[in-house]
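Engineer: Please see the structure below; I have some questions.
Number of protein chains: 6
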Amino acid sequence: MSDYKSVQELKSIDPGMAAPFRGIYILKRKETRTAKNGNPFLKVELGDAGGSFSANAFGDSAVFEALDPAAEGCIVRISGKTDYYNDMFSPKLSAAEVIEATEAEAEGMLGALVEVPPESEEELWDHLVEGIAAIEHPQLKETVQRVIDDTETAFRTAPAAISMHHAYRHGLLEHTVHMLRACRALLPLYPQVDADLAIAGIILHDIGKLEEYEGDFSAKTSRIGTLHGHVVLGFRTARKAALQSHLNTDLTERLEHIILSHQGEKEWGAAAMAATPEAVFVSMVDNLDAKMGMVQRVLRNANEGDEFSERLMGLQTRVLLTPPDKS
Amino acid sequence: MSDYKSVQELKSIDPGMAAPFRGIYILKRKETRTAKNGNPFLKVELGDAGGSFSANAFGDSAVFEALDPAAEGCIVRISGKTDYYNDMFSPKLSAAEVIEATEAEAEGMLGALVEVPPESEEELWDHLVEGIAAIEHPQLKETVQRVIDDTETAFRTAPAAISMHHAYRHGLLEHTVHMLRACRALLPLYPQVDADLAIAGIILHDIGKLEEYEGDFSAKTSRIGTLHGHVVLGFRTARKAALQSHLNTDLTERLEHIILSHQGEKEWGAAAMAATPEAVFVSMVDNLDAKMGMVQRVLRNANEGDEFSERLMGLQTRVLLTPPDKS
Amino acid sequence: MSDYKSVQELKSIDPGMAAPFRGIYILKRKETRTAKNGNPFLKVELGDAGGSFSANAFGDSAVFEALDPAAEGCIVRISGKTDYYNDMFSPKLSAAEVIEATEAEAEGMLGALVEVPPESEEELWDHLVEGIAAIEHPQLKETVQRVIDDTETAFRTAPAAISMHHAYRHGLLEHTVHMLRACRALLPLYPQVDADLAIAGIILHDIGKLEEYEGDFSAKTSRIGTLHGHVVLGFRTARKAALQSHLNTDLTERLEHIILSHQGEKEWGAAAMAATPEAVFVSMVDNLDAKMGMVQRVLRNANEGDEFSERLMGLQTRVLLTPPDKS
Amino acid sequence: MSDYKSVQELKSIDPGMAAPFRGIYILKRKETRTAKNGNPFLKVELGDAGGSFSANAFGDSAVFEALDPAAEGCIVRISGKTDYYNDMFSPKLSAAEVIEATEAEAEGMLGALVEVPPESEEELWDHLVEGIAAIEHPQLKETVQRVIDDTETAFRTAPAAISMHHAYRHGLLEHTVHMLRACRALLPLYPQVDADLAIAGIILHDIGKLEEYEGDFSAKTSRIGTLHGHVVLGFRTARKAALQSHLNTDLTERLEHIILSHQGEKEWGAAAMAATPEAVFVSMVDNLDAKMGMVQRVLRNANEGDEFSERLMGLQTRVLLTPPDKS
Amino acid sequence: MSDYKSVQELKSIDPGMAAPFRGIYILKRKETRTAKNGNPFLKVELGDAGGSFSANAFGDSAVFEALDPAAEGCIVRISGKTDYYNDMFSPKLSAAEVIEATEAEAEGMLGALVEVPPESEEELWDHLVEGIAAIEHPQLKETVQRVIDDTETAFRTAPAAISMHHAYRHGLLEHTVHMLRACRALLPLYPQVDADLAIAGIILHDIGKLEEYEGDFSAKTSRIGTLHGHVVLGFRTARKAALQSHLNTDLTERLEHIILSHQGEKEWGAAAMAATPEAVFVSMVDNLDAKMGMVQRVLRNANEGDEFSERLMGLQTRVLLTPPDKS
Amino acid sequence: MSDYKSVQELKSIDPGMAAPFRGIYILKRKETRTAKNGNPFLKVELGDAGGSFSANAFGDSAVFEALDPAAEGCIVRISGKTDYYNDMFSPKLSAAEVIEATEAEAEGMLGALVEVPPESEEELWDHLVEGIAAIEHPQLKETVQRVIDDTETAFRTAPAAISMHHAYRHGLLEHTVHMLRACRALLPLYPQVDADLAIAGIILHDIGKLEEYEGDFSAKTSRIGTLHGHVVLGFRTARKAALQSHLNTDLTERLEHIILSHQGEKEWGAAAMAATPEAVFVSMVDNLDAKMGMVQRVLRNANEGDEFSERLMGLQTRVLLTPPDKS
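These protein sequences, in sequence, are chains A, B, C, D, E and F. Here the first sequence is numbered in our numbering, starting from 22 and rising by one per residue. Here the second sequence is numbered in our numbering, starting from 22 and rising by one per residue. Here the third sequence is numbered in our numbering, starting from 22 and rising by one per residue. Here the fourth sequence is numbered in our numbering, starting from 22 and rising by one per residue. Here the fifth sequence is numbered in our numbering, starting from 22 and rising by one per residue. Here the sixth sequence is numbered in our numbering, starting from 22 and rising by one per residue.
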């Protein structure tokens, strides 16, 4: 086990001692402020999957030099000593450097930084690729492939939401693949649903979220996310790819319609109410997997012995965590 | 082809001629009124899958004798002559008799009386029986079997709703079987969902509708339906069977919870918000199949050449009826 | 005065006499049906600004030949004799021909066919052209000009709605010009609002309605209107023109944002909530002119002596029609 | 006056001194945690009617032994010394024992632990007993008596809510008796309301809350409360007693309907809308007394000299506390 | 029994015969129109408690002379012959005269014209007078007395609503007296409620409806009703009387507050949320009696043998009409 | 620059040193409490435009003598030493005196105490006076003048809201003048709107807020604000002035209607829906300027370099702060 300390470990060190430590964290917030003496200093918030803390870096320090150009959402390795200010954990930092996600992973710390789904990224990605391969209509397949080619890096890691369902790294990929599996299981039961359109619609339904959120490890709404919203952004991306792939007008409109209507209700952001068999189907499968994803997550993260989860906003109740008594 | 006339055929006969006809219809409404001379007469509404009309039967006639004791929702065979009163089609009846559904079927008219699903009742029933057989836990299976044994006749024919989805003869059976199929397709993807509970919950989720509605061929809300609602009626039925089958408390509560929560939202009648993996799952599969059932029905009933259906209340839009252009 | 009869005039002719007449009407609905003898016949609804009526055209007639290929929403000149069927006015048609709007205008009947605004189309159009000229930023002006060049014919005549505000011929043009005037009057008071963006946003805010509705004289929602909605259609049109005009990204996003947010609330169809000074401004000016447009219309159409209008859905009350007593 | 210290008294002791104290409190929360050395320790929250505080009990202490098996919601007597940790009052505990409510009462501390209504439990209970006696129909009286016999202990002490009206010890009893009094005062004015059914319905309307909440002195929702809700739980209890008392079907259904509909609106949890004179009546009397109970409570608890209460969620405003000026 | 025919009797006369008749009806609507020959004619709607019909009066007739100056809502006695036009009952009128309500009453026809409550106006009025007498505070009593003195004629006859509860002649008086009775029964239970204010508040709570509605026997919203609403109109009336009676400021504000808040929710028209014990109390008693009034009315008007009423908008369900089975 | 310290300056002084300071603040809250020794002490909250802090004044001190009789919302000058209690800034006060706003202004500190609009009070007031002068109808002008004469002092300084738009000193005056300007710019475009009524309606539309809020520098809802609400209070004020000015009934009702309906929707507090051209117009101009006022304020208060504001409740989004890129 590495000697890097998690936030939870840092906070459990005796407040009375100034213990030296090293750690790898996400730079969640960074603000430049002016001290009484007129010099700038940085107030940073650092965190991992288990918590976060604030610290300051003054203008003439090496830590300031290292963090001043860093972007919110990047990964940093720091050294320092534990300390408290007004009873808040607020360590003194002695060194800092921005590192790549790959290095954090090599150090075995990436998993500790952010919540990830139980299936590996590679496994999920393979299923997505399979999904594309299952589309038979050449231009429709090309449309989807084109979008995925352009967005692969982001698609592999993005969350599916900031605070509701699948709100963690790879969450969008996981949710999309789970919907694909549900789709393929259900298609034989609803022959009115065109398989190609349903699969393409599922893969692209949330593609606008790649632009709506920003920040690799700490998602927040982007400028274009505020101005356009993910539904319209996804529509735009899909439309461009469809035009480049010479998809015929009918299929283009139907594919776009799936994206525009998948939120289900106007007040949840749907630009149109689902009006084709495929759009109704994708919207319902989306809702099914979003809700089941919330259930899966609270079961996965439950503390030993808890009977119920906390109340989940998305389900408007708390979830029973114990297994059925099948005796 | 029989010489029985459908309502649509009757109404297309030249209004100027008093054409004799025979027909088999559902007795949709029956009211006793008093004529100017103080004698009672019946005002009846008769209809089939394609429309309805009103007619009167006076107190001293054979038609009155035949229809006076008949219950709303039964099937009647009538003879009469076409006529109009205030420009409304209102034939003069010369003979009437109540007949059994089996006789209407023998005459090949049952299908014309009421809308039915595309799969046969027998095929659907076999799937339901299979569903029960798939439940492994003995007392849970016994609970479901007990309910089905008690309600088979009604369950085979009841609609799933008065005006929303699957609102036709055998609609409840069809909807339940479609949910079972979806459930069995999806279970491998959501291993957190207990298969036994999900299957039992699906079979029983709408069982209260057998009491909520009344009238064999023309459903309306019953007294107990108004006073209790189908959610509580289903809960009561399932609870009784569970107690008789010695189902353990945990499974009983979870099964009841699926029924109590399946409507999804309190304002749609859910007594509790879905709080177990199985309850969330059944509620979402219910919603998925209800919406897809509306789509399937408008596609099935579409007029040749229509591009869109009428606006559907349950989908808040009209449905595109033409197939995708896969060229 | 022409010898063409308006619908109101036709209906006031003594029902007992079969009076020959000529008239120019809009073909509002057209359905093909099958008569008892197996031949097709047309059931058409014809109307003008003051009412409508139904008539039939049988398969072997000249009227059938003329109307069979006609599109709903076109203008037709007919000859016939007044008649009633089941007390509904339902004339017998002896001749029919589709004519151009220009011919109806030449006959002085266009104004009788459809409601129009008090200002002439030319006057309104001149104001729109002036509005474009007032945009200073070259690429922004080019973007707007490009859209208007592509849509002029439709923009000149389209209604601004099917049933709410400015729901009549030239209504979109009138509403847009009224918003432009309000905008130019208000801009000096809100210097935070960029004039170029506000003007461009106003001209293009409802441009998607040109695709959302179809039918020259009898608007209904088009296929793409159902699948995409006017907000997204307008976004698409503006975006394409902006790209072709090499408008910079910032202005493109802001212009698109005005269109995406102008409906004000998500449940009224806004894809995003207004988040720039210009978007808030355009959305509020839109709401102001829509509501004032309803007031102007009921005042314009009020019957002499009425104290109040009917209840208006869009205002949730009836409007006081009498002028203030300034004595 | 006893030497037990209330929470408010403890917190007003000079933070600088470690003052020894004894006290009787409710064990509101109890969590088991693991210390850095791997040993378990308890984090407990203790409180009374005036506040609460946290304290720790380590694994090898007598306090740990005493509190480890204690249930949340029980009453404990502790000894300790005042202390602060991170400026939060967090005393060091030296002894603890679980005691019965009767002992707390004997020590004169029960009233300080929990809020209680102004009327004594005995007085309220006598009125409830009188209410039952007033039911004339033998099986209906037996039904109610049976439920009350089975639940007396709980019914005497349960609150009527967790956070809305009558949310304190004996609150359910108080609310029920107040409704009974209102009912008997109003019955002569509404002769359409059957007195027996109204009285029985009032006594049983919230009976499900005995199962919905758990914890003697610190109510929270139980497992079955989450899964079924108090409306269905009350229905079940009443139904069972009615069956055992051989109550006829009509009265059973009407009694059940009162319970199922008393919440008034579906989104507030009503399973059916009130559809009998008695159900409408009970639902309105319930609403009346719930709202008046909120008013009575804020008047009772008002600080001398306050003109208004805090804003009450249940009334959507603040309440004027001063008496009318009748000069 | 008089020889005047009710509307129902007129409509049951054989359509084929032109039967002479006399009748007393309310003039519900009156519109002046222009006939083809340029002469004015009246189109009137006449009705009683059981229905209504239209008839025309041409410009040169005695009937025209009699009805032209008549106000909508007045009572008329007509003679004529039964006739049908387009299958609508539309008699030919030969004589008409406006008569006073007292004359209609003398003829024993007033009760047939309009629905009235079961208690007599005199009895209800006596209770109102008693209510005023029970107010002890001199200026408060004077305030109420002053309003009642000014409005007695209208108060005695006005309905309490156009379409919801107590929507019939004397309905406001009946509802007010029923609330007074409920108030006096409940006051001993809620001693926090000042009796004087509650009684005064109840008597005046709906006083604004006397101005909000107009038309003696056929209420519709008046001009000031549309512009101000009954809540503000009632406030204005009460305030004026309070000032004239030198009621102190505190009681004036509290009395006004009861009127302003009695509708309960802002979207139902409350200007403020009830924030005094009296205002909460009056608002809840209002709601109780409004709902019970709907129940009483459907029970009173039920047809022999009906199990359920029609669905009532105000209760969101249908009402069970049969008495409980107390066997 | 004065030696008075702002709250922000006080809080940035090194917590370790007890620095003497002087300051001018608003007395935001004042509560009397009882210390352990039985003596009373004051807990006061003092603040300025940039923040606030708490301090205590014990019963036997000069500070207590000075602040005990002071009203919440007045201005005080204090001396003291910086100090912290439980890590909260909580200075020790050595002297205090209540001062007039004029003195605070003379010391150049008024602007630091409260947020004010960019235009000066005098400039805004001159525009209001001009607005009145523009009313041509003598009695209408007199009505408005009378109200303004009676309320000038309050009108000049009151905020337009507690927490939504224009929620700062002079905010009501600024909002009213901005609406007047918008009105005069728009009137030529909507000739159906009577200028006199629109101007009078705008000046008086929020006049009730002068009574709804209280506290010169720290607005909170008054007793009458809770009991009546600003809509009814404004109605009352306008009505009284109209009666005194002998304004005719028609104009009085229309002016009152503008005030009663300006909130736009019943759930936002409108007593009636806007039903005259002037009322619709004023209500829409109010909404326009309220929303634009929120935009102007966040732009004015934006931190250098921020791209977006915080999320604004009133706009349901965050506002883009950067200017358009007009390159």
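Quick reminder that beta carbons are idealized off the backbone N, C-alpha and C, glycines included.
1) Below 8 Å on the Cβ atoms is my guess for G44 (chain F) versus I99 (chain F); work out the distance and round it to an integer in Å.
2) Below 8 Å CB to CB, which residues in the same chain sit around L336 (chain E) once its five sequence neighbours on both sides are set aside?
3) Taking the alpha helix (DSSP H) that P159 (chain C) belongs to, which residues open and close that run?
4) Could you check where the alpha helix (DSSP H) with L272 (chain F) kicks off and where it finishes?
5) Going along the chain, which residues of its own chain have a beta-carbon closer than 6 Å to the beta-carbon of H251 (chain A), five neighbours each way excluded?
6) Which same chain residues end up closer than 7 Å to F176 (chain A) when comparing Cβ atoms and leaving out the 5 residues on each side of it in sequence?
7) Name the chain A residues whose beta carbon is nearer than 8 Å to that of R50 (chain D)?
8) Strictly under 8 Å for the Cβ-Cβ distance: is F256 (chain F) near chain E by that measure?
9) To which residues does DSSP link N324 (chain E) through a beta bridge?
10) With DSSP as the reference, label S82 (chain F) as helix, strand or coil.
11) Can you look up P298 (chain D) in the DSSP assignment and give me helix, strand or coil?
12) Does the beta-carbon distance from D104 (chain E) to M200 (chain E) come in below 8 Å?
13) Please name the residue or residues paired with P41 (chain C) in a DSSP beta bridge.
14) Are the beta-carbon atoms belonging to P36 (chain F) and K102 (chain F) less than 8 Å from one another?
15) Since L276 (chain D) and A293 (chain D) are thought to touch, with beta carbons under 8 Å apart, how far apart are those beta carbons, to the nearest angstrom?
16) In chain A, which residues lie with their C-beta within 9 Å of the C-beta of T242 (chain C)?
17) Give me the Cα-Cα distance between I120 (chain B) and A83 (chain C), rounded to the nearest whole angstrom.
18) Taking C-beta to C-beta, are D227 (chain D) and A291 (chain D) nearer than 8 Å?
19) For chain D, find out if any of its Cβ atoms is closer than 8 Å to the Cβ of Q284 (chain E); answer yes or no.
20) Under 7 Å Cβ to Cβ from V198 (chain D), same chain only, skipping five residues before and after it: list those, please.
21) Identify which residue in D:P159, D:D89, D:E66 and D:T338 has its Cα closest to the Cα of S348 (chain E).
22) State the DSSP-derived secondary structure class of T123 (chain B), mapped to helix, strand or coil.
23) Let me check understanding here. Comparing Cα to Cα, which of A:D271, A:R205 and A:F329 lies closest to T247 (chain D)?
24) Please check if any C-beta of chain D sits within less than 8 Å of the C-beta of T338 (chain A).
25) What residues from chain C crowd round K287 (chain A), counting only those whose CB sits closer than 7 Å?
26) CA-CA distance, M22 (chain C) and M130 (chain C)?
27) Is I34 (chain D) close to the ligand GDP? I mean its beta-carbon at under 7 Å from any heavy atom of the ligand.
28) Among residues of its own chain, excluding the 5 on either side of A133 (chain E), which ones have a beta-carbon nearer than 7 Å to its beta-carbon?
Structural biologist: Based on what the coordinates show:
1) By one-based count along the sixth sequence, residue 44 (chain F) stands at place 23. By one-based count along the sixth sequence, residue 99 (chain F) stands at place 78. A Cβ-Cβ separation of about 6 Å places G44 (chain F) in contact with I99 (chain F) under the 8 Å criterion.
2) Sequence index remark: in the fifth sequence, residue 336 (chain E) carries index 315 (1-based). Counting only Cβ-Cβ distances below 8 Å, and skipping sequence neighbours, we find K312, M315 and V316.
3) For the purposes of this step, residue 159 (chain C) is taken as residue 138 along the third sequence, with counting starting at 1. Segment P159 to T178, the alpha helix (DSSP H) holding P159 (chain C).
4) To locate residue 272 (chain F), count along the sixth sequence from 1; it is residue 251. Counting along the chain, L272 (chain F) sits inside the alpha helix (DSSP H) bounded by residues T270 to S282.
5) Here the question's residue 251 (chain A) lines up with position 230 in the first sequence. Close CB contacts of H251 (chain A) within its chain, under the 6 Å cut and outside five residues either way in sequence, are with G229, K230 and E233 (chain order).
6) Translated into the one-based positions of the first sequence, residue 176 (chain A) becomes position 155. Excluding sequence neighbours, F176 (chain A) sits near I169, L193, L194 and L231.
7) Looking up residue 50 (chain D) in the fourth sequence gives position 29. Contact annotation for R50 (chain D) against chain A: no contact, minimum CB-CB distance about 13 Å [criterion: below 8 Å].
8) The sequence position of residue 256 (chain F) within the sixth sequence is 235, counting from 1. Taking Cβ atoms only, chain E reaches closer than 8 Å to F256 (chain F), which makes this a yes.
9) Position 303 of the fifth sequence, counted from the first residue, corresponds to residue 324 (chain E). Partner(s): none; N324 (chain E) has no beta bridge.
10) Along the sixth sequence, one-based indexing puts residue 82 (chain F) at 61. Looking at S82 (chain F) - three-state DSSP - the assignment turns out to be coil, as it is neither helix nor strand.
11) To locate residue 298 (chain D), count along the fourth sequence from 1; it is residue 277. In the displayed model, P298 (chain D) falls within a helix according to three-state DSSP.
12) Along the fifth sequence, read from residue 1 onward, the residue named residue 104 (chain E) stands at position 83. Along the fifth sequence, read from residue 1 onward, the residue named residue 200 (chain E) stands at position 179. Against a cut-off of 8 Å, the Cβ pair of M200 (chain E) and D104 (chain E) comes out as no contact.
13) Within the third sequence, the letter at position 20 stands for residue 41 (chain C). In the DSSP assignment, P41 (chain C) forms a beta bridge with C:K102.
14) On the sixth sequence, residue 36 (chain F) is found 15 positions in, with the first residue counted as 1. On the sixth sequence, residue 102 (chain F) is found 81 positions in, with the first residue counted as 1. Not in contact: P36 (chain F) and K102 (chain F) (Cβ atoms no closer than 8 Å).
15) The count along the fourth sequence starts at 1 and reaches residue 276 (chain D) at position 255. The count along the fourth sequence starts at 1 and reaches residue 293 (chain D) at position 272. With a Cβ gap of about 13 Å, L276 (chain D) and A293 (chain D) do not count as contacting.
16) Locating residue 242 (chain C) in the third sequence gives position 221, counting from the first residue. Within chain A, no C-beta atom comes nearer than 9 Å to that of T242 (chain C); the closest sits roughly 11 Å away.
17) Along the second sequence, read from residue 1 onward, the residue named residue 120 (chain B) stands at position 99. Along the third sequence, read from residue 1 onward, the residue named residue 83 (chain C) stands at position 62. Their Cα atoms are separated by approximately 50 Å.
18) Working through the fourth sequence from its first residue, we reach residue 227 (chain D) at position 206. Working through the fourth sequence from its first residue, we reach residue 291 (chain D) at position 270. Not a contact, by the Cβ cut-off of 8 Å.
19) By 1-based counting over the fifth sequence, the position of residue 284 (chain E) is 263. No, because no Cβ of chain D sits closer than 8 Å to the Cβ of Q284 (chain E).
20) Looking up residue 198 (chain D) in the fourth sequence gives position 177. Cβ within range, chain order: L145, H148 and L149.
21) As a position in the fifth sequence, residue 348 (chain E) is number 327, starting the count at 1. Among D:P159, D:D89, D:E66 and D:T338, the Cα nearest to that of S348 (chain E) is on D:P159.
22) Mapped onto the second sequence, residue 123 (chain B) falls at position 102. T123 (chain B): helix per DSSP, three-state reduction.
23) To locate residue 247 (chain D), count along the fourth sequence from 1; it is residue 226. For the residues A:D271, A:R205 and A:F329, the minimum Cα distance to T247 (chain D) belongs to A:F329.
24) For the purposes of this step, residue 338 (chain A) is taken as residue 317 along the first sequence, with counting starting at 1. For T338 (chain A), the nearest CB of chain D lies under 8 Å from its own CB, placing it at the interface with that chain.
25) For the purposes of this step, residue 287 (chain A) is taken as residue 266 along the first sequence, with counting starting at 1. Chain C residues near K287 (chain A): K287, E288 and G290.
26) Taking the first residue of the third sequence as 1, we reach residue 22 (chain C) at position 1. Taking the first residue of the third sequence as 1, we reach residue 130 (chain C) at position 109. Low per-residue confidence applies at M22 (chain C): pLDDT is 43, beneath 50, and the placement is therefore not dependable, though the value from the model is reported in the following sentence. Going from the Cα of M22 (chain C) to the Cα of M130 (chain C) covers about 10 Å.
27) Among the components of this structure there are no ligands whatsoever, and the ligand GDP is therefore not found.
28) Position 112 of the fifth sequence, counting from 1, holds the residue named residue 133 (chain E). For A133 (chain E), same chain residues with a beta-carbon under 7 Å away, outside a window of 5 residues either side, are S27, D69 and A70 in chain order.
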